[in-house]
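Student: Before we start, here is the structure in question, set down as structure tokens.
Number of protein chains: 2
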Amino acid sequence: MAKRIIGIGLMGLGVIAGQVARVVRDRAEALEQQVGCPLVLKKIKVLPQDLGRPLAKELDSKLLTTDAEEFFAEPGIDIVVEAIGGEKPAYEYLRRALSAGKYVVTSNKEVIAKHGAELRTLAKERKVDLRYEASVGGGIPIISPLRFDLVANRINGIYAIINGTTNYILTCMAKEGADFASTLKKAQELGYAEANPRDDIEGIDATYKLAILSSLAFQMEVLPGDIHSEGISRLHARDFRYAQELGFAIKLLAIAKQDDKWAEVRVHPVFIPEDSLLAKVDGVYNAILVEGDLVGKVLFYGQGAGPYPTSSAVIADVVAAANDILRGAGSWVRWEPRKDKVLKPMSEVITRYYLRMNVADQPGVLAQISKILGDNQISISSLIQKDADAQAQTAEIVIMTHPAREAAMQTALKDMANLPVVREISNFIRVEA
Amino acid sequence: MAKRIIGIGLMGLGVIAGQVARVVRDRAEALEQQVGCPLVLKKIKVLPQDLGRPLAKELDSKLLTTDAEEFFAEPGIDIVVEAIGGEKPAYEYLRRALSAGKYVVTSNKEVIAKHGAELRTLAKERKVDLRYEASVGGGIPIISPLRFDLVANRINGIYAIINGTTNYILTCMAKEGADFASTLKKAQELGYAEANPRDDIEGIDATYKLAILSSLAFQMEVLPGDIHSEGISRLHARDFRYAQELGFAIKLLAIAKQDDKWAEVRVHPVFIPEDSLLAKVDGVYNAILVEGDLVGKVLFYGQGAGPYPTSSAVIADVVAAANDILRGAGSWVRWEPRKDKVLKPMSEVITRYYLRMNVADQPGVLAQISKILGDNQISISSLIQKDADAQAQTAEIVIMTHPAREAAMQTALKDMANLPVVREISNFIRVEA
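Taken in order, these protein sequences are the chains called A and B. For the first sequence, position 244 matches number 244 in the working numbering, and the numbering has no gaps at all. For the second sequence, position 299 matches number 299 in the working numbering, and the numbering has no gaps at all.
Printed below as a string of structure tokens:
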């Protein structure tokens, strides 16, 4: 209890970092009550363009520096809060902060997803803590539950809607029957999708977050590149119509499962039953369903992005780190990743499937398709044929299968695509029950 | 890091305590990895009848004692885990454990609800921690989020389904159109309701839990007796039919709100919009919706009871306490309850209302009823009249009001009941939007 204040060094002054600075400044009294001593901003590392922001002008100019050397030379910093985003230079900054024995709080999903194992090990060595609640799910507590609250459990599965942009687009497509391109455009106009939306709509952002969650939940190093990932751009309004007809919603789900042998990690669009709780998670909201062997199913829901919710998570981490520092508590990083667990290859994954295809409208087509599925040990659970196009002499067929192995399905898809009567395999979506 | 083991003293050997003992025994290796040293059961305080349990025979008999003095004399106990339940003698045991400088983990909602302020103060004085995650929502993390993860927020509201028995009954009544008595009987047969179901169905259990949540969220002492509480036994199958017709679900909700002037705490059945997330929480599941000024709405969902989920919460608390002990971290109880906030009297509460009444089937009845409502500044939002009973010459009227003050509604209810044309005010349910 020697210290009288806790000094904070903030990296960044963008929307997230700016809101963090405001909370530290505007709620000083309430935070002091929680920590037991004042939290004080000692230095803020900014970019030259940040100096023009209104907040930069409100703050004491001596706090601001564009020079990383000056930032790291500030002696009064106990906790480094990084909210720059992106891999570089944030990764180097975090290494440097931990190496210098600083507690670190970050909202940076990319750095934690790619370098979490190394940074956790570094924090452990230096007897400090590395906290990153804001890196997944905005203000929704999910890192803390996995690190602390669910620690008695073996985590069997995680099913997460963790990208607000795609969930907003999918919700609109489902409710309005609109197509992907026009819905993306609308999301961009409303600020829910970026000008370059690739990271969100192709599932890359979700793989970062799933890498973080599954590494923690399974205590093994899962990298973004380990995760099979597909985005939502290939979804059509017709798929949503069929989903509704069949009693499903379509969501971009980040899935992690483990059994005694394998860990399975993937991000892709799925059909989920329309009466499941995850199916009700609409718009930019996020939800993470965790299955533990003791706790059963627990779900965490809230706004997955935005400066206010994200600052809620960052400040909670700062308060926790400050308490640990004041109590002289050192590190509570339990990171001894297991080496025995193997990632399941995608070819071994077993799910049900939804298939939509365009076929010649003539006798015997179904027999040929069923034969290929049967030859690959895939059985049909239900089938819809409609929308025959008299002029083109084609029809649309939708098939729901029973559980089948991905490798078998890929072979069947290839064989069916080669059938002269099959004009097009229009879509192919996995089903999670 | 002087200690080599963390000793646990367990109070109770019922279903919850027994499961806790099993987890400590059967997951020793995984828990040691989380804590950094072994967790060891040093003594178990049992009742004479517990000695006949299968688990008691599996355990080393020297661990078991029916004598509280012997339990407290055991020198190797670092953490006292209490899972006896009920106010007495648990309350005395917890005081005694904290006074002796032990860390305390409890699942006891009644003791924490009634004596939480005193016990938190005691823990703070003795520089130990008092943890009670399992006291609300079974395995759902909700105490940790309020204590730690949402600490940057001003909590504006809590809306919680925190009693599995009543939620199971309400779900059955909604889905099957059954009446209360037969549904309660079924719940008892299935083990979802106790032989004496009063604490659950009359909302008493929920007031304990709401007292705990609101005390934490508002940092003020809220006692169970401060909470306006109504149960579900007065709900009829007809109310569910009307609710569905009007687009609502009926739930027993524990509600806590605060504004600059008042804190408002109440437990009673409510109409909530059928498309809200809480309306989808079915069966024995629990959900707690928290509204923070930064984080917005976050929801925590899961199994609110049962030995497995509850043990998940208890063990998480034990691991956290063990880590604090090993790190020499002392207490992190920030409990300086504010004295300035006043509880809102129920008469000042403002909600919308659903009214169902049985009236004489004759001209002018509606005029008399509307006049009374109007005289009390209550305006009608919608009205259904149906089910005229030709023989009895009565009709049923259902009224949904706009927001009105409780005091005004109570006056109006009395005045309407005195009208000769009103045979009965059949029910009266508040609406939460």
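Cβ coordinates follow ideal geometry from the N, Cα and C atoms, glycine included. Only a predicted model underlies this, so the values are computations on that prediction, with no experimental measurement involved.
Find the nearest neighbour of A/Leu294 within the set B/Arg53, B/Ser381, B/Glu194, B/Arg22, judged by alpha-carbon distance.
Tutor: With distances taken between Cα atoms, A/Leu294 lies closest to B/Arg22.
Student: How many angstroms separate the CA atom of A/Thr207 from the CA atom of A/Leu252?
Tutor: Looking at the two C-alpha atoms, the distance is approximately 11 Å.
Student: Where does A/Ile372 fall in DSSP's three states?
Tutor: If DSSP states are grouped into helix, strand and coil, A/Ile372 belongs with the helices.
Student: Roughly how many angstroms separate the alpha carbons of B/Asp375 and B/Ala243, rounded to a whole number?
Tutor: Those two C-alpha atoms are separated by around 26 Å.
Student: Thinking C-beta only, is B/Ile378 closer than 8 Å to B/Ala412?
Tutor: Yes, the pair counts as a contact, with Cβ atoms nearer than the cut-off.
Student: Closer than 7 Å by beta-carbon distance: list the chain B residues that pair up with A/Pro145, in chain order.
Tutor: Pro141, listed in chain order.
Student: Could you give the first and the last residue of the continuous alpha helix (DSSP H) run that contains A/Asn167?
Tutor: Taken as a continuous stretch (DSSP letters only), the alpha helix (DSSP H) holding A/Asn167 covers 164-176.
Student: Pull out every residue of the stretch 280-300 of chain A whose Cβ sits closer than 7 Å to any Cβ of chain B, in chain order.
Tutor: Correct list: Lys280, Gly292, Leu294, Val295, Gly296, Lys297, Val298, Leu299, Phe300.
Student: Between which residues of its own chain and A/Ala134 is the CB-CB distance below 6 Å, once the five residues before and five after are set aside?
Tutor: Ser107, Thr310, Ala313, Val314.
Student: Is B/Lys114 buried or exposed, if buried means 16 or more other CB atoms sit within 10 Å of its CB?
Tutor: B/Lys114 is buried by the Cβ-count criterion.
Student: Kindly identify the DSSP beta-bridge partner or partners of B/Lys43.
Tutor: According to DSSP, which records beta bridges pairwise, B/Lys43 is partnered with B/Gly9.
Student: Please list, in chain order, the chain A residues whose beta carbon lies closer than 7 Å to that of B/Gln34.
Tutor: Here the neighbours are Val151, Arg334.
Student: Say whether chain A places a C-beta atom closer than 8 Å to the C-beta of B/Ser312.
Tutor: With 8 Å as the cut-off, B/Ser312 counts as an interface residue toward chain A.
Student: Quick check on A/Phe148 - is its C-beta less than 8 Å from some C-beta in chain B?
Tutor: So yes, A/Phe148 belongs to the interface.
Student: I'd like to check one pair, B/Val284 with B/Tyr168: are the Cβ atoms closer than 8 Å?
Tutor: Their beta carbons are under 8 Å apart, which means B/Tyr168 touches B/Val284 by this criterion.
Student: What residue range is occupied by the uninterrupted beta strand (DSSP E) comprising B/Glu245?
Tutor: Run containing B/Glu245: none in the beta strand (DSSP E); it sits in the alpha helix (DSSP H), 237-246.
Student: By DSSP's criteria, B/Ser382 is part of a beta bridge. Which residues make up the other side?
Tutor: Its beta-bridge partners are B/Met400.
Student: Does B/Thr351 come out as helix, strand or coil in the three-state DSSP assignment?
Tutor: Strand.
Student: Can you give me, in chain order, the residues of the stretch 318-347 of chain B that have a beta carbon less than 8 Å from any beta carbon in chain A?
Tutor: Within the stretch 318-347 of chain B, the residues whose Cβ lies closer than 8 Å to some Cβ of chain A are Val319, Ala320, Asn323, Asp324, Arg327, Gly328, Ala329, Gly330, Trp332, Arg334, Glu336, listed in chain order.
Student: Considering only their Cβ atoms, is the gap separating A/Gly157 from A/Glu291 smaller than 8 Å?
Tutor: Taking 8 Å as the Cβ cut-off, A/Glu291 and A/Gly157 qualify as a contacting pair.
Student: For the stretch 178-197 of chain B, which residues have a CB atom closer than 7 Å to at least one CB atom of chain A, in sequence order?
Tutor: Those would be none; no residue qualifies.
Student: Taking the beta carbon of B/Arg338 as the centre, do at least 16 other beta carbons fall within 10 Å, making it buried, or is it exposed?
Tutor: B/Arg338 comes out exposed.
Student: Determine the direct distance from the alpha carbon of B/Ser99 to that of A/Ala254, and round the result to whole angstroms.
Tutor: Using only the alpha carbons, I get a separation of about 47 Å.
Student: Which of helix, strand or coil does DSSP assign to B/Ile142?
Tutor: B/Ile142 falls in the coil class under three-state DSSP.
Student: Here's a check: name, in chain order, each residue in its chain whose Cβ is nearer than 7 Å to the Cβ of B/Leu15, leaving out the five neighbours to either side.
Tutor: Here the sequence assigns Val to residue 15 of chain B, which means Leu is not the residue at that position. Taken in chain order, the residues that qualify are Pro307.
Student: Could you name the residues of the stretch 229-251 of chain A whose beta carbon sits closer than 8 Å to any beta carbon of chain C, in the order they occur along the chain?
Tutor: In summary, chain C is missing from the structure at hand, where the protein chains are A and B.
Student: For the alpha helix (DSSP H) that A/Gln34 lies in, which residues bound it at each end?
Tutor: Here the alpha helix (DSSP H) through A/Gln34 covers 28-35.
Student: Answer yes or no: does any C-beta atom of chain B fall closer than 8 Å to that of A/Ala174?
Tutor: Answer no: the Cβ-Cβ gap between A/Ala174 and chain B never drops below 8 Å.
Student: Touch check for the stretch 185-194 of chain B and the stretch 213-231 of chain B: three-plus C-beta pairs under 8 Å?
Tutor: With a cut-off of 8 Å, the stretch 213-231 of chain B and the stretch 185-194 of chain B do not count as touching, because too few Cβ pairs lie within range.
Student: Run through DSSP, which three-state label would B/Met1 get?
Tutor: With a pLDDT of only 45 at B/Met1, under the threshold of 50, the placement of this residue in the model should not be trusted; the figure read from the coordinates follows. Here B/Met1 sits in coil by DSSP.
Student: Using 8 Å as the threshold, is the C-beta distance between A/Leu39 and A/Ala322 below it?
Tutor: In this structure, A/Ala322 lies closer than 8 Å to A/Leu39 by Cβ.
Student: Measuring only the C-alpha atoms, how far is B/Met11 from B/Pro48?
Tutor: Straight-line Cα distance between these residues: approximately 13 Å.
Student: Considering only their Cβ atoms, is the gap separating A/Gly304 from A/Gly85 smaller than 8 Å?
Tutor: No, the Cβ-Cβ distance between A/Gly85 and A/Gly304 is not below 8 Å.
Student: Would you mind sorting B/Met1 into buried or exposed? The rule is 16 or more other CB atoms within 10 Å of its CB.
Tutor: Confidence at B/Met1 is low in this model, with a pLDDT of 45, below 50, so the placement of that residue should be treated as unreliable; the coordinate-derived value is given next. The residue is exposed, with fewer than 16 neighbouring Cβ atoms inside 10 Å.
Student: I need the straight-line Cα distance from B/Phe71 to B/Leu59, nearest angstrom please.
Tutor: Going from the Cα of B/Phe71 to the Cα of B/Leu59 covers about 16 Å.
Student: Alpha carbon to alpha carbon, what distance is there between A/Lys371 and B/Arg147?
Tutor: Approximately 60 Å between the Cα atoms of the pair.
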